[in-house]
Amino acid sequence: GDSVTQMEGPVTLSEEAFLTINCTYTATGYPSLFWYVQYPGEGLQLLLKATKADDKGSNKGFEATYRKETTSFHLEKGSVQVSDSAVYFCALSGNTNAGKSTFGDGTTLTVKP
Amino acid sequence: DVKVTQSSRYLVKRTGEKVFLECVQDMDHENMFWYRQDPGLGLRLIYFSYDVKMKEKGDIPEGYSVSREKKERFSLILESASTNQTSMYLCASSFGTGFSYGYTFGSGTRLTVV
Numbered sequence: 001g002d003s004v005t006q007m008e009g010p011v012t013l014s015e016e017a018f019l020t021i022n023c024t025y026t027a028t029g030y031p032s033l034f035w036y037v038q039y040p041g042e043g044l045q046l047l048l049k050a051t052k053a054d055d056k057g058s059n060k061g062f063e064a065t066y067r068k069e070t071t072s073f074h075l076e077k078g079s080v081q082v083s084d085s086a087v088y089f090c091a092l093s094g095n096t097n098a099g100k101s102t103f104g105d106g107t108t109l110t111v112k113p
Numbered sequence: 114d115v116k117v118t119q120s121s122r123y124l125v126k127r128t129g130e131k132v133f134l135e136c137v138q139d140m141d142h143e144n145m146f147w148y149r150q151d152p153g154l155g156l157r158l159i160y161f162s163y164d165v166k167m168k169e170k171g172d173i174p175e176g177y178s179v180s181r182e183k184k185e186r187f188s189l190i191l192e193s194a195s196t197n198q199t200s201m202y203l204c205a206s207s208f209g210t211g212f213s214y215g216y217t218f219g220s221g222t223r224l225t226v227v
């Protein structure tokens, strides 16, 4: 079945550092890929998405590129802020599971001033 | 913006009580989902629904049931609450039967069963 593997956390960075959170997936067909963010005590929010190979999703300075050849969707940001501290989830939704999403385990990011 | 509203942020219930968690979305989404989130276990799908009066089991349906009498409302029911159901419960909705739409989540209900 479908699966998503995220880099294990927690990740701790200083403000203005470069962020990469790795995400790889296993799926049949051509899934859509997503990154969600969860701030403390809140539900998840859709951060960005990509629906086909080589698409780049972007939002709030975050980017991720759908790489079919490496089955990856790594999240990057050039300069993180303290307010980016949150848990980040990679997810996929494939055409073989009727729209249900499969989530990674989440990566906790802490940004220190 | 689509809004998904969960009726309670925090809830404390006693063992054996029947518990209702309510979720309402305001953008006419067809699909609705209930997840629970526990430290170290990620998000686990309990039940989902693709239409009114329709429901399907997710990965961990035992001890839960659901109701979807109207398109905008999806209720999760704990028939007889137990301490191992203490968790954060997240409701989500999405548009259509396509898979390129992401989910919109509610803020979550943190349930404690004592």
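Protein chains in written order, with the working numbering: chain A, 1 to 113; chain B, 114 to 227. Even glycine gets a Cβ: it sits at the ideal position worked out from N, Cα and C.
Exercise. How do the stretch 119-137 of chain B and the stretch 76-86 of chain A stand: do at least 3 beta-carbon pairs fall below 8 Å, yes or no?
Worked result: no
Exercise. Do you know how far the Cα of B/Leu-156 is from the Cα of B/Asp-172?
Worked result: The residue given as residue 172 of chain B occupies position 59 in the second sequence. The residue given as residue 156 of chain B occupies position 43 in the second sequence. Cα-Cα distance, rounded: 10 Å.
Exercise. Which residues, in order along the stretch 213-224 of chain B, keep a beta-carbon less than 9 Å from a beta-carbon of chain A?
Worked result: Ser-213, Tyr-214, Gly-215, Tyr-216, Thr-217, Phe-218, Gly-219, Ser-220, Gly-221, Arg-223
Exercise. Does the beta-carbon of B/Tyr-216 have 16 or more other beta-carbons within 10 angstroms, so that it is buried, or is it exposed?
Worked result: Locating residue 216 of chain B in the second sequence gives position 103, where the first residue counts as 1. So B/Tyr-216 ends up on the buried side.
Problem set entry | Start-end ranges of the alpha helix (DSSP H) lying completely within the stretch 175-223 of chain B, minimum 4 residues | none
Exercise. When DSSP builds the beta bridges, which residues end up paired with B/Tyr-160?
Worked result: Residue numbering aside, residue 160 of chain B sits at position 47 when the second sequence is read from its first letter. According to DSSP, B/Tyr-160 bridges with B/Trp-147, B/Lys-170.
Problem set entry | Spatially closest choice to A/Leu-19 from A/Pro-113, A/Ser-79, A/Gly-106, by CA coordinates | Within the first sequence, numbered from 1, the residue matching residue 19 of chain A stands at position 19. Ranking A/Pro-113, A/Ser-79, A/Gly-106 by Cα distance to A/Leu-19 puts A/Ser-79 first.
Exercise. Would A/Ala-53 be called buried (16 or more neighbouring beta carbons within 10 Å of its own) or exposed?
Worked result: For this step, residue 53 of chain A is matched to residue 53 along the first sequence. With fewer than 16 Cβ atoms within 10 Å of its Cβ, A/Ala-53 is classed as exposed.
Exercise. Chain A beta carbons: is any one of them nearer than 7 Å to that of B/Leu-203?
Worked result: On the second sequence, position 90 is the one that residue 203 of chain B refers to. By this cut-off, B/Leu-203 is an interface position.
Problem set entry | Helix, strand or coil at B/Val-227 [DSSP, three-state] | Counting from 1 along the second sequence, the entry for residue 227 of chain B is found at position 114. Note: B/Val-227 maps to coil in three-state DSSP.
Problem set entry | Buried versus exposed, by CB contacts within 10 Å (16 or more), B/Arg-149 | Here residue 149 of chain B corresponds to residue number 36 of the second sequence, with the count starting at 1. Classification for B/Arg-149: buried.
For this session: Please report how far the alpha carbon of A/Glu-42 lies from the alpha carbon of B/Gly-221, in whole angstroms.
Result: Your numbering for residue 42 of chain A matches position 42 in the first sequence. Your numbering for residue 221 of chain B matches position 108 in the second sequence. Cα to Cα, the separation comes out at about 6 Å.
Exercise. Does the distance from the CB of A/Val-4 to the CB of A/Leu-92 come in under 7 Å?
Worked result: Position 4 of the first sequence, counting from 1, holds the residue named residue 4 of chain A. Position 92 of the first sequence, counting from 1, holds the residue named residue 92 of chain A. Yes, Cβ-Cβ distance for A/Val-4 and A/Leu-92 is below 7 Å.
For this session: Mind listing the chain A neighbours of B/Leu-158? Cutoff is C-beta to C-beta under 8 Å, in chain order.
Result: Position 45 of the second sequence holds residue 158 of chain B. The contacting residues are Lys-100.
For this session: Leaving out five residues on either side along the sequence, give the residues of the same chain with a beta carbon under 7 Å from the beta carbon of A/Ala-17.
Result: Taking the first sequence and counting its residues from 1, one reaches residue 17 of chain A at position 17. Within the same chain, A/Ala-17 has close Cβ partners Val-80.
For this session: Indicate whether B/Glu-135 and B/Ser-188 have their beta-carbon atoms separated by less than 7 Å.
Result: Numbered from its first residue, the second sequence carries residue 135 of chain B at position 22. Numbered from its first residue, the second sequence carries residue 188 of chain B at position 75. Result yes, Cβ atoms of B/Glu-135 and B/Ser-188 sit closer than 7 Å.
For this session: Identify whether A/Val-82 lies in helix, strand or coil by the three-state DSSP scheme.
Result: Within the first sequence, the letter at position 82 stands for residue 82 of chain A. It is helical.
Problem set entry | CB of A/Phe-62 within 7 Å of CB of A/Lys-77, strictly | For the purposes of this step, residue 62 of chain A is taken as residue 62 along the first sequence, with counting starting at 1. For the purposes of this step, residue 77 of chain A is taken as residue 77 along the first sequence, with counting starting at 1. Contact: yes.
For this session: Pull up the DSSP beta-bridge partners for B/Ser-155, would you.
Result: Within the second sequence, numbered from 1, the residue matching residue 155 of chain B stands at position 42. Sequence check: residue 155 of chain B is Gly here, not Ser. B/Gly-155 pairs with B/Asp-151.
Exercise. Who pairs with A/Phe-62 in a beta bridge, going by DSSP?
Worked result: Counting from one through the first sequence, the residue named residue 62 of chain A turns up at place 62. A/Asn-59, A/Lys-77, per the DSSP bridge assignment.
Exercise. For chain B, is any of its Cβ atoms less than 7 Å away from the one on A/Phe-34?
Worked result: Start at 1 with the first residue of the first sequence, and residue 34 of chain A comes out as number 34. So, interface residue.
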